[in-house]
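Add 408 to the 1-based position in the sequence shown for the numbering used here, that's all there is to it. Virtual Cβ for every residue (Gly too), placed ideally from N, Cα, C.
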Amino acid sequence: MPCSTKKQMNITINKERRLYVIGTGGGFSCFGFDNCYRDAVAMASQMNALRSVNNGLEYVAPTIDEIGTMACYEAYEHLASHFAKHPASKKTWFIPGTASRVKTILEDARKDAYCNANRASILRLFFGDTETGRDSCEENDTVGFIGRSTGTMKVPLLIEPLRSDRGDLSSADGGGQILTNCILRIIEVNTGIELYRHPKYQLPAFTVHVNEAAQAYPIEVGREGQTQARFPGHDEAGEYMAFLQGYRAVRPFRSVTEYNREMREAA
């Protein structure tokens with residue numbers, strides 16, 4: 409979420425792509441019209457909910473007809489500056505629209521990770537369209553411990569589990585933000601228990617086709633008439649489908665040594 413002072417702000421409105429393009433001197437960042445409005449409304453709502461600490465102050469959110477205007481962005485900036493110092497910012501920030509049950513599961517897993525180290529809950533997250541229940545079949549960044557960022561908006565993070573040289577579990581140094589409002593299903597990896605399933609969730613359906621012309625990767629896995637992936641054999645294709653459908657909740661974790669080597673190579 410962008411946050412800048414008046415002196416730093418150099419903003420262009422791109423109506424075609426519905427973006428605020430924010431110049432920072434060393435480059436640019438983009439902030440969607442709808443996300444700006446959504447987050448501003450959520451900040452105002454969360455601060456106004458704690459009336460006992462507001463000294464009678466009412467935080468005013470932008471109106472829906474201001475979406476895509478400088479007035480909306482300036483309201484967001486104003487609210488963010490107050491939110492940073494407000495007790496409401498001490499709580500985990502979930503993207504507006506996140507299901508209540510999802511919030512509870514993620515918070516419980518985060519606290520478990522904080523208290524129980526390598527015995528903590530490991531979650532498998534399935535993402536997709538909450539309007540239709542269609543799973544987007546994400547392969548990467550779907551399994552991990554739950555952490556939380558620092559900063560004004562303390563967002564949930566998915567932190568990769570790693571195998572130590574002793575065989576027990578460790579974790580990566582950090583992780584990426586979880587799109588909490590896009591979660592359709594959650595499985596607890598250690599137990600295999602499904603903790604959450606969106607009411608409209610659709611289990612992905614696949615087809616398997618042998619393309620004899622593709623000698624190296626003849627096994628094609630399709631979905632909705634489109635080729636999703638190609639494999640050298642049926643075993644690999646079966647593992648792929650089982651993972652995406654949740655019948656296999658997790659793949660082997662990387663070792664700490666592998667992780668550190670890849671981090672050095674990427675630096």
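Own chain residues within Cβ distance below 7 Å of residue i, not counting five before or after
i	result
G440	R426, L427
Proximity to residue i [Cα-Cα], best of the options
i	options	result
Y484	R518, R446, A457	R446
L603	R631, D516, T420, N668	D516
G536	R638, E568, K498, H606	H606
F651	V551, L587, E666	V551
D549	T558, T588, P626, A637	T588
S489	A452, T477, G476, A457	A452
V679	T599, N668, I601, Q634	Residue 679 is absent from the structure shown; the chain starts at 409 and stops at 675.
C590	R638, A450, G505, G555	G505
V461	M478, I567, A496	A496
K493	T432, G559, A507	G559
S546	I601, G582, Q636, D520	The sequence given here places Glu at residue 546; Ser does not occur at that position. Out of I601, G582, Q636, D520, Q636 has the C-alpha closest to the C-alpha of E546.
L577	V664, I586, G434	V664
Bridge-paired residues (DSSP) for residue i
i	result
S663	R571
Contact set for residue i: own chain, Cβ-Cβ below 8 Å, skip 5 residues either direction
i	result
C676	Not covered by the structure: residue 676. The range shown for the chain is 409 to 675.
M478	I419, I421
N456	N462, E466, Y467
R556	T500, R518, K562, V563, P564, L565
Test: residue i CB closer than 8 Å to a CB of chain B
i	result
Y445	Within the model displayed, chain B is absent; a lone protein chain is all it includes.
Spatial neighbours of residue i in its chain, beta-carbon cut-off 6 Å, leaving aside the 5 residues before and after
i	result
E503	The sequence given here places Ile at residue 503; Glu does not occur at that position. Result list for I503: T588, N589, in chain order.
* Can we say the region 620-629 touches the region 528-535, given the rule of at least three CB pairs closer than 8 Å? -> Segment contact: the region 620-629 against the region 528-535, fewer than three CB-CB distances shorter than 8 Å; contact not assigned.
* Counting Cβ pairs, one atom from each stretch, are 3 or more of them under 8 Å apart for the region 601-621 and the region 539-547? -> yes
* Check whether the region 653-664 touches the region 588-603, taking contact to mean three or more Cβ pairs, one atom from each stretch, closer than 8 Å. => yes
* Determine, using beta-carbon pairs with one atom in the region 496-515 and one in the region 568-575, whether at least three such pairs fall under 8 Å. => no
* Can you check the region 409-459 for any alpha helix (DSSP H) of at least 4 residues that lies completely inside it and give the ranges in chain order? => Counting only runs of at least 4 residues, the region 409-459 fully encloses the following alpha helix (DSSP H) elements, listed from N- to C-terminal order: 441-456.
* Jot down the residue ranges of each uninterrupted beta strand (DSSP E) in the region 535-591, minimum 3 residues, whole runs only, in chain order. => Segments of the beta strand (DSSP E) lying fully in the region 535-591: 551-556, 564-571, 577-585.
* For the region 600-670, list the alpha helix (DSSP H) runs that are entirely contained and at least 4 residues long, ordered along the chain. => 642-653
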